[in-house]
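There are 2 protein chains.
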Amino acid sequence: MTAIELAILWLSWRQPSILSSRDNQATPCSRGLTLLALKWCGETAWVAEPERTRMLELYHHGSSVCAAKVRLALDEKGLEWQGHYVDVLKGDQFSKDYLKINPKALVPALKHNGKIVTESTLICEYLDEVFPDIPLKPVSAFEKVQMRLWTKAVDEVIHPICGEITFASCHRHIVRRLPPDDLQRFLASTPSLSVTPEWHDRKKELVNKGFDAPGIDVKFRIYDGYLQKMEETLAERRWLAGDTFSLADIGMVPYVNRLAMMSMSDMWEKSRPRVTQWFETVKSRPSFHSALIKWCPEDLTNDLREFGAQSWPEVKRMLRK
Amino acid sequence: MTAIELAILWLSWRQPSILSSRDNQATPCSRGLTLLALKWCGETAWVAEPERTRMLELYHHGSSVCAAKVRLALDEKGLEWQGHYVDVLKGDQFSKDYLKINPKALVPALKHNGKIVTESTLICEYLDEVFPDIPLKPVSAFEKVQMRLWTKAVDEVIHPICGEITFASCHRHIVRRLPPDDLQRFLASTPSLSVTPEWHDRKKELVNKGFDAPGIDVKFRIYDGYLQKMEETLAERRWLAGDTFSLADIGMVPYVNRLAMMSMSDMWEKSRPRVTQWFETVKSRPSFHSALIKWCPEDLTNDLREFGAQSWPEVKRMLRK
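From first to last, the protein sequence lines are chains A and B.
For the first sequence, the numbering used here gives the first residue as 14, with consecutive numbering after it.
For the second sequence, the numbering used here gives the first residue as 14, with consecutive numbering after it.
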């Protein structure tokens, strides 16, 4: 018998009217109980025991910023998981089997109790609800809004731009090592709804034109603008959504780290002391190595560092405009 | 059931006031217990009494799909609110005063307890957390993911596309009635981060080229694809995220209604019986009139209907491709 069933049984014995009434005639006491029961049954706090215990399986890859985000959340919450490595650099995400798991051909995807959860931000919210013991959301409703403003900005603006600036700075040089036919196949295999509706065509443009692709300078400046927004936010609070480390911070870590891996940490180290301090503190948490750094393939780490360093002077010029 | 959970159940029965108070008159013991309860709930469920009671002020406009979404949530939850009408068709959103409330120059914005909450999806989540009595989220964590997959799709894909197809079908004809100088001012005043980083330029292109703007056909097909996704989802569940009406449905209502207002309901009425039934049921809810229809300015209602009807044959042709 689950706790919910036990609670309902108890309520039905002591206060049978409560379970069928929300009306104003209820006594304060019974209204308190009703609210509790509603909250108990109806809210994120409460999760039946089986949901908490069964195995978590994560489909992920070492170079994916979104997969890193979910591994960070799992690690910070002390949750064990079993991994399925989907090598997105080899195209594993386009396999028939994986497309059944995520038709968008994106990692990560979580399997829990036989059900698939996709979209890294929603996976993190799901994990924090099902396993509430080490919460990664602030307590107040208003601070939760601040948290979700960050995770929403990550999903809507920062993530798509991260793809663009990584392709323009580094990945274009990596994929252009492929034989021409393989490169064409690679470019053709992006599903039309992947990342954004425009990503299929934009990726091609970025691979072909690099920093000459129209609008790439604006994208770098928007990304840089979010570092400035972090700097201003961290002047008011210890972490991005309040005084505790939350999914807002977890959301930003892989995107700031991507710049660091691309030898572009001058974007904050010389001018944004609070972002610098934030990132130093993040790096000192055990999760930074175990959930993020150790998963990035060595070849890719080297390529990001070297192509990124080559790209930096041009990026710096674009940021000054 | 753990001892803590039992203790809280017992408290709710014997001393419900303890659990609904964070005020300074509470004894250290009861404050300790309250904190414990908060920690236990760790979650959106728990909101202090003052947060629930103070006045809600909504900055909104009758033509905004996002404002309609928040009015629907307020109405469905039976919450009273005071409105500040920001006439986005006259450019009120660019006023100095409003830019202090929302620097993105978008409606809606909610003011509650002296704090501003922006982004319609986050306003809805906030309202549902602070006023949990008529919940608009499904009970299970997995169904909440399904709900947020819809609200996320609305924010990331459906909303920006709705802007594009509305401009291409109707708004371009409306704004081109302006004297040339006013039109230029209108087109120049979109902040660069409004809706999407591309919206500033794209809006100009849509006003100038209409259905000849590159890629507009793809956008109509993606929007149509979400109607198909609704049809498939509603084959499995009564509402979009489960068996209860939720923020997923509220999220989609204004976007399906926009097509209906643009005389484009053939997109589901002839081919998608479940979407047709869903929309009929939605229309029969009192909130549909009081929160949505009654707010749309009459001129605009007429323009959307007439320009939409003129555009429909071309839209139909694009959808067939």
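All C-beta atoms in this analysis are idealised placements derived from N, C-alpha and C, irrespective of residue type, glycine included.
On a predicted model such as this, the values are computed, not experimentally measured, just so you know.
- Take the alpha-carbon of glutamine 106 of chain B and the one of alanine 122 of chain B: they are about 11 Å apart.
- With a minimum length of 4 residues, the unbroken runs of alpha helix (DSSP H) contained wholly in the segment 148 to 174 of chain B fall at 154 to 166.
- Any Cβ of chain B closer than 8 Å to the Cβ of phenylalanine 258 of chain A would place that residue at the interface, and such an atom is absent.
- Within the DSSP bridge table, the entry for threonine 134 of chain A names no partner.
- For glycine 96 of chain A, the uninterrupted beta strand (DSSP E) run begins and ends at 95 to 98, by DSSP.
- From the listed residues B:His302, B:Gly264 and B:Arg251, the smallest Cα separation to arginine 287 of chain B is found for B:Arg251.
- For phenylalanine 155 of chain A, the nearest beta carbon of chain B is closer than 8 Å to its own beta carbon.
- Under the Cβ distance rule, arginine 189 of chain A does not count among the residues neighbouring chain B, no pair being separated by less than 8 Å.
- Bounds of any beta strand (DSSP E) do not take in glutamate 89 of chain B; it lies within the alpha helix (DSSP H) bounded by 78 to 89.
- Against chain A, a Cβ distance below 7 Å from glutamate 93 of chain B picks out nothing, because the smallest value is about 16 Å.
- For alanine 122 of chain B, the enclosing beta strand (DSSP E) covers residues 122 to 125.
- Below the 7 Å Cβ cutoff, chain B contributes no neighbours of arginine 287 of chain A, its closest Cβ being approximately 20 Å away.
- Against chain A, the beta carbon of tyrosine 139 of chain B has neighbours under 8 Å at Ala154, Phe155, Lys157 and Val158, listed in chain order.
- Counting along the chain, glutamate 245 of chain B sits inside the alpha helix (DSSP H) bounded by residues 229 to 249.
- Between the alpha carbons of threonine 257 of chain A and leucine 92 of chain A lies a gap of roughly 19 Å.
- In the three-state reduction of the DSSP assignment, leucine 253 of chain B falls in the coil class, being assigned neither a helical nor a strand state.
- Looking at the backbone, the Cα of asparagine 115 of chain A and that of lysine 103 of chain B are separated by about 44 Å.
- Taking 8 Å as the cut-off, the Cβ atoms of lysine 128 of chain B and phenylalanine 155 of chain A count as close.
- Under the DSSP definition of a beta bridge, leucine 69 of chain A partners with A:His125.
- What leucine 135 of chain A touches in chain B, judged by beta-carbon distance under 8 Å, is Val158, Arg161, Leu162 and Lys165, going in chain order.
- Closest in C-alpha terms to valine 158 of chain A, from the list B:Ile174, B:Pro148, B:Asp141 and B:Glu169, comes B:Asp141.
- A direct Cα-Cα distance of roughly 43 Å separates serine 284 of chain A from lysine 222 of chain B.
- Using a Cβ distance threshold of 8 Å, histidine 172 of chain A and phenylalanine 320 of chain A do not count as a contacting pair.
- 8 Å or more divides the Cβ of lysine 165 of chain A from the Cβ of leucine 200 of chain B.
- In the three-state scheme derived from DSSP, where H, G and I count as helix and E and B as strand, methionine 280 of chain A is classed as helix.
- If you draw a straight line from the Cα of lysine 216 of chain B to the Cα of histidine 74 of chain B, it comes to about 20 Å.
- Counting only runs of 4+ residues, the alpha helix (DSSP H) found wholly inside the segment 178 to 220 of chain B occupies 185 to 188 and 193 to 201, in chain order.
- Pairing valine 143 of chain A with isoleucine 235 of chain A gives a Cβ-Cβ distance that is not under 8 Å.
- For valine 130 of chain A, the residues of chain B that pass the 8 Å Cβ criterion are Phe155 and Val158, in the order they occur in the chain.
- Between the alpha carbons of methionine 275 of chain A and valine 78 of chain A lies a gap of roughly 13 Å.
- Put simply, the segment 308 to 325 of chain A touches the segment 174 to 193 of chain A. At least three CB pairs are less than 8 Å apart.
- Valine 120 of chain B and asparagine 126 of chain B have their C-alpha atoms spaced approximately 19 Å apart.
- Residue state for phenylalanine 301 of chain B is assigned as helix, using DSSP reduced to three classes.
- For the segment 167 to 184 of chain A, residues whose beta-carbon sits nearer than 8 Å to a beta-carbon of chain B comprise Asp168, Glu169, Val170 and Ile174.
- Counting only Cβ-Cβ distances below 8 Å, glutamate 282 of chain A has no contacts in chain B at all, with the closest Cβ about 25 Å away.
- Taking the beta carbon of glutamate 249 of chain A as reference, no residue of chain B falls within 8 Å; the closest one sits roughly 13 Å away.
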